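Q: Before I ask anything, here is the structure I am working with.
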Amino acid sequence: MADASAGLNRSLDAELIPDLAAVPDELARLLAGHAIEALKRPTSDGGWGAIENLGHLSDWEEVFHSRVQAVIDKDEPRLPEIDDQLWEIEHEYRAQDPFKVLDQLRGQRRQLVALLAALPGDAWGRKSQIGTRPGWTLAQMVEDIRRHDAEHARAIAEALG
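By the count of numbering that gives the first Met the number 0, the sequence shown reaches residue 160 at its end, each step adding exactly one.
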């Protein structure tokens, strides 16, 4: 059983880390050729444009890093739930330079990827609890990060049409 688990962990390592590392370049590709004004423009229905999605990703990157670190440092830590509903206003997403936010996200992601890449294979099974999710493994957490990235990359692509 340990051998199968080790194989699964290597597979997660091989899939998730490169996917996470590629996100800043994918976002840069989506932004390429667009003027700052277009990146700051909300969608036609008033929803988030590119800058709000970028700011949100950058803010969450800090949360993700601290959560991963907590799972590494502690046995089954209870992680706080995060209320991000006012971040757009509190952090003034629309006033930010989208390319600076992307650069910040790139640096943050580089740190997260380095942290994950340095982990031994058995670390992917380490558990935490957040809200009503007991036994949430590091692998599940990182998979959620990947899904979150994809959701916001799609939103940026749609906003830029």
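All C-beta atoms, glycine included, are put in the ideal place defined by N, C-alpha and C.
For clarity, every value in this text was computed on a predicted model and none was experimentally measured.
Could you check how far apart the C-beta atoms of Pro164 and Ile35 are, in whole angstroms? I think they sit under 8 Å.
A: Residue coverage of the chain in this structure runs from 0 to 160, which leaves residue 164 outside it and unanswerable.
Q: What are the start and end residues of the alpha helix (DSSP H) that includes Arg132?
A: Position 133 of the sequence shown, counted from the first residue, corresponds to residue 132. Premise fails: Arg132 lies in the beta strand (DSSP E), 132–136, not in any alpha helix (DSSP H).
Q: So, for Val112: in the same chain, excluding its five sequence neighbours on each side, which residues have a beta-carbon less than 8 Å away from its beta-carbon?
A: Here residue 112 corresponds to residue number 113 of the sequence shown, with the count starting at 1. Same-chain partners within the cutoff: Ile16, Leu19, Ala20.
Q: Closest to Arg93 by C-alpha separation, out of Arg40, Ser127, Asp24, would be which residue?
A: Position 94 of the sequence shown, counting from 1, holds the residue named residue 93. Comparing Cα positions, the closest option is Arg40.
Q: How long is the line joining the alpha carbons of Leu101 and Ala37, rounded to whole angstroms?
A: Taking the sequence shown and counting its residues from 1, the one referred to as residue 101 is at position 102. Taking the sequence shown and counting its residues from 1, the one referred to as residue 37 is at position 38. Each residue's Cα considered, the two are about 15 Å apart.
Q: For the region 111–130 against the region 66–74, do three or more pairs of beta-carbon atoms, one drawn from each stretch, fall closer than 8 Å, so that the two count as touching?
A: Segments in contact, yes.
Q: By Cβ distance, which residues of its chain are closer than 7 Å to Ala27, with the 5 residues on each side in sequence left out?
A: To locate residue 27, count along the sequence shown from 1; it is residue 28. Within the same chain, Ala27 has close Cβ partners Leu101.
Q: Rounded to whole angstroms, what's the CA-CA distance from Arg146 to Gln139? Just pull it up for me.
A: Counting from 1 along the sequence shown, the entry for residue 146 is found at position 147. Counting from 1 along the sequence shown, the entry for residue 139 is found at position 140. Using only the alpha carbons, I get a separation of about 10 Å.
Q: By the DSSP assignment, the alpha helix (DSSP H) with Ser57 in it spans what residues?
A: Within the sequence shown, the letter at position 58 stands for residue 57. Ser57 -> alpha helix (DSSP H) spans 49–72.
Q: Pick from Glu75, Leu53, Gly54, Glu61: whose alpha carbon is nearest that of Ala122?
A: The sequence position of residue 122 within the sequence shown is 123, counting from 1. When each option's Cα is compared against that of Ala122, the closest is Glu75.
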